[in-house]
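Chemist: Handing you this structure, nothing more for now.
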Amino acid sequence: MLYFSKFKSISILLICLFGAIFAFPNLLSQNTINNLPKIMPQKQINLGLDLRGGSHLLVEVQSSVRASERMDDLYDEIRIELRRNKILLSDIAQTNNQIKITLSDDSFKGNLIDIIESLSQNVRGQFGTGQLANELEIVEQIDGSILVSMTEEALSDLLRRSVDQSIEIIRRRIDELGTKEPTIQRQGESRILIQVPGLDDPNRLKDLLGTTAKMTFHLIDTFYDGGNVSRSSMKLQHAENESTYVVERRSIIGGENLVDAQPGFDSQTNQPIVNFRFDGQGSRKFGKITTDNVGKLFAIVLDNEVISAPIINEPILGGSGMISGSFTVQEANDLAILLRAGALPAPLIILEERTVGPGLGADSIKSGQIASILGLAFVLIYMFASYGRFGIYSNISLLINLSLIVAILSILQATLTLPGIAGIILTIGMAVDANVLIFERIREEISNNKSVINAIDNGYKRARTTILDANITTFIAAIILFQLGSGPIKGFSITLAIGIITSVFTAFTLTRFFVALWIKRSNPKEINI
Amino acid sequence: MKPFKLIKLDTSINFLSKTKLFVSLSLIFIIASIFLLFSRGLNFGIDFNGGTLIEVQKISGNADVSEMRARLGQLDLGNIQLQEFGKKTDLLVRVEQLSEEEGAQQAIISKISEVVEVDYEIRRIEVVGPKVSAELIKKGIIAVISAVISVLIYIWFRFEWQFGIGAIFALVHDIIITIGVFSLLQLEFNLSIIAALLTIVGYSLNDTVVIYDRIREELRKYKKMPIMELINQALNLTLSRTLMTSITTLLALISLYLFGGEVIKGFTFAMIWGVLIGTYSSIFIASPILIGLNIKRDWSKNNAE
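Read top to bottom, the protein sequences are chains Z and P.
Under the working numbering, read the first sequence as residues 1 to 529, first letter to last.
Under the working numbering, read the second sequence as residues 1001 to 1305, first letter to last.
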């Protein structure tokens, strides 16, 4: 146990050196690191949101909204097609994402099914098969009616596409906020995890995510006389005040034709506004409609609320215009961001939020530091008092252990959270366990009148299996914790697991190496342990 | 300098003489914990119950709980809990989840921020909706059970089934009594407490395994020694180590409890308690059980190492 080959000795020293080199950047400020030669490692530990402040949001994409939109469209399309083919309807009803159709004359049922099949689009089939599947499921009922609904494949394809698009739009919106290193990940089938560090105003982020930002332009229904709203129109609320508008259901142009939107100021009133520009197709469409409707009102609608309803004073041919709601500067700014980034395919709902302000984060780092330093000091003193020279070896190993943990965390770019710091402190306490096992064993062997070398040799040998057993069980617990993994807890399990691995090395191999060096040099006849 | 020895090498305490007393004591604690769990229940945090938690800090001067209560009371948000949090300037606001509708709590946050942000800084916001809290409960239970089972398998594989039973009994003992303490003191039970429970599982087992290893070693060495005497000897030989490790771990944990900040206090409390009960159970529960389970005496052909 006390013999180390040259190769082994060099490996041990290299591991320690590795720890020192890769842990070192964490002692420096970011500025100093930027000035370091490129050959030096520069990675620092990645601090979790609970330490540096930031927002963790778990959102769900409400793709069911899109499914029912699709059914709405289909409902209209089926009616139009039936009318065109002169097939008489007895009844058509839409409930719960199903359309139930009853014909007056059942002999046309074949034609109806053909029509529905022609409206059905191809969707991606089961994941990975590369096959196409039908979008619509058509079921003939016993009473002669026909039920149309979306197939499983269509729904999951819709969900998949909605989540993909949402991730893209969210990324664009957050990038516009100018924050660094956001994490945007798909979680499960319908969820997206968003982590944004260092935000001053987390509410602004949530506002940006909570807005679908579907912008459309509608003409005001000029035939509306204050009575019932006709089928082709709809009544909308103004976003800022109590007034309502009756607008044509069909939009004349939508946000998908926008190429740019920028915040600005109205040259006359000096109010904040948003300037926008359409693409070529949009410009032509907008030009034609404004030419045809000079003197009339039109409404700019955002997520089913009217944000502005100006009069068309003259044809707008250049393809650009402005929205002047009663915005604050930030509102104008955010609306421009939303319009530039594009609309979300479906609304997002926040399922879970964990936001930590920068103040609390800084306080947590400070208290984590104090607790670690004190905990470490207590353990170092106690080990020295208990085992003298051997205690010093164990203490040096413990410090090297810490530098290894820091080095590995930096290289893996694992996230250090407050519970992660707790994991490190716990490792400090438990890492010495292996040494305690060994040293107690050596004491025992000495009291059995074994020679120094024999006692030490036996101590390490006998403690080895116990150390492995004891650490493997804790390691199992750490792995299960990692699986449970929600943010901070994951951080705890990572540091715990890394700490177990490094502490077996430092407590078992490294202290043995120190002891071997000492014995070789001074060949003691008795030891004080 | 002469190193200081916590336990003298020739210490010989008869741990097993009081086995009946300790086992019945533990049984009483377990029954009491289960009773508490059903009568008083646990003070579930928002992780498991859903709801909103907001930590605020008065920008200048001390926070005023009753004034804040009045301020928030006007918002008509249902049951709001308010408490000082660590420092005189800090308050913790908890709002129960009122509806099953996802996302409804965001409206609550904006209402609260509006009235609070005048003279307080918002330091932390946590919101857990109904779906996520239900999932976290499930995940938590699965995690604890799978930890216990995988550890059982490991011990079985490394030792004998009797040792597995003994270790699991001690683990379940530790977990139930820890949960009982949380119920008794009505401390907040959240995700980080589950993490603490799993760490306690690891720690308590660590202790038990060290003692079991020693018992197995003694079994190989002394084939004729009465089992009681043998286990007692193993306990005495490992006692110094058991206490040393508990003390170093406690030293680290206590400094974390005192200086690590309010946010992880519950977690460290559970850990400190876990170290104490884990140490107790390895000595007084896990080891005596082996006597009752009739462990194998002849280990000469077994090469478990």
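Just so it is clear, CB atoms sit at the ideal spot from N, CA and C, and this is done for glycine as well.
How is the alpha helix (DSSP H) around residue 1179 (chain P) delimited, first residue to last?
Modeler: Its alpha helix (DSSP H) spans residues 1161-1185.
Chemist: Just the C-alpha distance for residue 219 (chain Z) and residue 245 (chain Z), rounded to the nearest angstrom, thanks.
Modeler: Their backbone Cα atoms lie some 10 Å apart in a straight line.
Chemist: Less than 9 Å between the C-beta atoms of residue 296 (chain Z) and residue 222 (chain Z), yes or no?
Modeler: Yes, the Cβ-Cβ distance between residue 296 (chain Z) and residue 222 (chain Z) is below 9 Å.
Chemist: For the stretch 1248-1266 of chain P, which residues have a CB atom closer than 7 Å to at least one CB atom of chain Z, in sequence order?
Modeler: Cβ contacts with chain Z: 1248, 1249, 1251, 1252, 1253, 1255, 1256, 1259, 1260, 1261, 1263, 1264.
Chemist: Quick one: any contact between the stretch 389-398 of chain Z and the stretch 510-518 of chain Z, if contact means 3 or more CB pairs under 8 Å?
Modeler: Contact holds: three or more Cβ-Cβ distances are below 8 Å.
Chemist: So, using beta-carbon positions, are residue 442 (chain Z) and residue 529 (chain Z) closer together than 9 Å?
Modeler: Going by C-beta atoms, residue 442 (chain Z) is nearer than 9 Å to residue 529 (chain Z).
Chemist: When burial is assigned at 16 or more other CB atoms within 10 Å of the CB, is residue 340 (chain Z) buried or exposed?
Modeler: With 16 or more other Cβ atoms within 10 Å, it is buried.
Chemist: Using 9 Å as the limit for Cβ to Cβ distance, is residue 1279 (chain P) near chain Z?
Modeler: Cβ-Cβ to chain Z under 9 Å: no for residue 1279 (chain P).
Chemist: Report all residues from its chain with a CB closer than 8 Å to the CB of residue 1272 (chain P); omit the five preceding and five following residues, and keep chain order.
Modeler: If we look at residue 1272 (chain P) and ignore the five residues flanking it on each side, its Cβ neighbours are 1250, 1253, 1254, 1257.
Chemist: What three-state label does DSSP hand residue 40 (chain Z) in the structure shown?
Modeler: Coil.
Chemist: Quick one: residues in its chain with C-beta nearer than 6 Å to the C-beta of residue 494 (chain Z), no 5 flanking neighbours on either side, listed in chain order?
Modeler: Answer for residue 494 (chain Z): 414, listed in chain order.
Chemist: State the DSSP-derived secondary structure class of residue 1101 (chain P), mapped to helix, strand or coil.
Modeler: In the structure shown, residue 1101 (chain P) sits in coil (DSSP, three-state: anything other than H, G, I, E or B).
Chemist: Using only alpha-carbon positions, find the residue among P:1187, P:1023, P:1049 that is nearest to residue 1140 (chain P).
Modeler: Selected option, being the one with the closest Cα: P:1049.
Chemist: Name, in chain order, the residues that DSSP records as bridge partners for residue 278 (chain Z).
Modeler: For residue 278 (chain Z), which the question treats as bridged, DSSP gives the partners Z:258.
Chemist: In chain P, what lies closer than 8 Å to residue 382 (chain Z) by C-beta?
Modeler: Result: 1247, 1248, 1251.
Chemist: Hey, which unbroken runs of the beta strand (DSSP E) at 3 residues or more fall wholly within the stretch 264-324 of chain Z?
Modeler: Runs found: 272-278, 298-302, 305-308, 320-323.
Chemist: For residue 1088 (chain P), would you say it is in contact with chain Z, using Cβ-to-Cβ distances shorter than 9 Å as the test?
Modeler: Not one chain Z Cβ lies under 9 Å of residue 1088 (chain P).
Chemist: Would the beta-carbon of residue 1199 (chain P) fall within 9 Å of that of residue 355 (chain Z)?
Modeler: Cβ atoms of residue 1199 (chain P) and residue 355 (chain Z): not closer than 9 Å.
Chemist: Report the CB separation of residue 467 (chain Z) from residue 497 (chain Z) in whole angstroms; it is logged as a contact under 8 Å.
Modeler: In fact, because the Cβ distance is near 16 Å, the residues do not count as touching under 8 Å.
Chemist: Which residue marks the beginning of the alpha helix (DSSP H) containing residue 427 (chain Z), and which one marks its end?
Modeler: Looking at the DSSP string, the run of the alpha helix (DSSP H) that includes residue 427 (chain Z) is 418-447.
Chemist: Name the chain P residues that come within less than 7 Å of residue 428 (chain Z), Cβ to Cβ?
Modeler: Those within 7 Å of residue 428 (chain Z) in chain P are 1252.
Chemist: Apart from the five residues on each side of it in sequence, which residues of its chain come closer than 6 Å, Cβ to Cβ, to residue 139 (chain Z)?
Modeler: So the list reads 147, once near-sequence residues are dropped.
Chemist: Residue 111 (chain Z) to residue 90 (chain Z), Cα distance in whole Å?
Modeler: Answer to the nearest angstrom: the Cα atoms are 15 Å apart.
Chemist: How many whole angstroms separate the CB atoms of residue 149 (chain Z) and residue 98 (chain Z), which I take to be in contact at a CB cut-off of 8 Å?
Modeler: About 5 Å separates the two Cβ atoms, so the contact holds.
Chemist: Would you call the stretch 268-288 of chain Z and the stretch 318-336 of chain Z in contact, with 3 or more CB pairs under 8 Å?
Modeler: With the cut-off at 8 Å, the stretch 268-288 of chain Z and the stretch 318-336 of chain Z touch.
Chemist: Taking a Cβ distance cut-off of 7 Å, strictly less, list which residues of the stretch 340-355 of chain Z are near chain P, in chain order.
Modeler: If the cut-off is 7 Å between Cβ atoms, the stretch 340-355 of chain Z has 349, 350, 351, 352, 353, 354, 355 near chain P.
Chemist: Taking the continuous alpha helix (DSSP H) assigned at residue 527 (chain Z), which residues delimit it?
Modeler: No alpha helix (DSSP H) contains residue 527 (chain Z), which DSSP labels as neither H nor E.
Chemist: Tell me which residues of the stretch 1024-1058 of chain P have at least one Cβ-Cβ distance to chain Z shorter than 8 Å, keeping chain order.
Modeler: Here the close residues are 1055, 1057.
Chemist: Would you report the Cα separation of residue 402 (chain Z) and residue 1071 (chain P), rounded to the nearest angstrom?
Modeler: Going by the C-alpha atoms only, they are around 48 Å apart.
Chemist: Using a threshold of 9 Å, state whether the C-beta atoms of residue 301 (chain Z) and residue 216 (chain Z) are closer than that.
Modeler: For residue 301 (chain Z) and residue 216 (chain Z), yes; Cβs fall inside 9 Å.
Chemist: Identify the contact partners of residue 478 (chain Z) in chain P, using a Cβ-Cβ distance below 9 Å as the criterion.
Modeler: Result: 1198, 1199, 1202.
Chemist: For residue 49 (chain Z) and residue 1204 (chain P), what's the separation of their Cα atoms in angstroms?
Modeler: Residue 49 (chain Z) and residue 1204 (chain P): Cα-Cα distance of roughly 31 Å.
Chemist: Output yes if chain Z places a C-beta closer than 9 Å to the C-beta of residue 1063 (chain P); else output no.
Modeler: Not an interface residue.
Chemist: Taking a contact to mean a Cβ-Cβ separation below 9 Å, would you say residue 368 (chain Z) touches residue 51 (chain Z) in this structure?
Modeler: Cβ atoms of residue 368 (chain Z) and residue 51 (chain Z): closer than 9 Å.
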